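Written out below as structure tokens is the structure these notes cover.
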Amino acid sequence: TFNRLSRFVLDPNLLTIDERTEEMLLETITSPVHNHCGGDIDFGKDGLLYAVIGDHYARQYQNDEGVFLSMANDNLAGKIVRLTEDGGIPDDNPHSATGV
Numbered sequence: 001t002f003n004r005l006s007r008f009v010l011d012p013n014l015l016t017i018d019e020r021t022e023e024m025l026l027e028t029i030t031s032p033v034h035n036h037c038g039g040d041i042d043f044g045k046d047g048l049l050y051a052v053i054g055d056h057y058a059r060q061y062q063n064d065e066g067v068f069l070s071m072a073n074d075n076l077a078g079k080i081v082r083l084t085e086d087g088g089i090p091d092d093n094p095h096s097a098t099g100v
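In UniProt numbering, the protein residues as written are 1 to 100.
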């Protein structure tokens with residue numbers, strides 16, 4: 001499983017989403033499990049999009065390293081990310097150089 005955050009075009013007359021208009025904003029790590037994968041998304045008062053990414057913990061990880069994924073600075077597991085409206089990284093992101 002994986003987390004993917006996408007934007008679609010809504011047809012205002014039919015109130016349907018055209019799947020062909022998918023614009024992927026964020027795709028995170030692939031996980032060997034189907035739990036702890038994702039969470040809420042919402043726009044903040046600052047106009048940024050906040051998305052919760054699950055920690056992807058699973059006992060399948062050797063030596064239980066999955067427990068520590070959310071503490072690692074080199075991946076998005078177990079994080080809350082902020083994105084601009086178009087899916088970009090905000091200028092004031094402390095980790096913008098790494099993309100995490």
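Beta carbons: idealized from backbone N, C-alpha and C, even for Gly. Treat the numbers as computed from the prediction; the structure is a model and nothing was measured.
Query	Result
Distance between Val81 and Val9 (C-alpha atoms, nearest Å)	23 Å
Contact check, Gly39 vs Gly54, beta carbons under 9 Å	yes
Given residue 144 as reference, the closest of Ser6, Ala77, Gly78 once Cα atoms are compared	The question about residue 144 has no answer, for the chain in this structure spans 1 to 100.
Straight-line gap, Gly88 to Ala51 (C-alpha atoms, nearest Å)	13 Å
Nonlocal neighbours in the same chain, by C-beta distance under 7 Å from Met24, ignoring five residues either side	Arg4, Ser6
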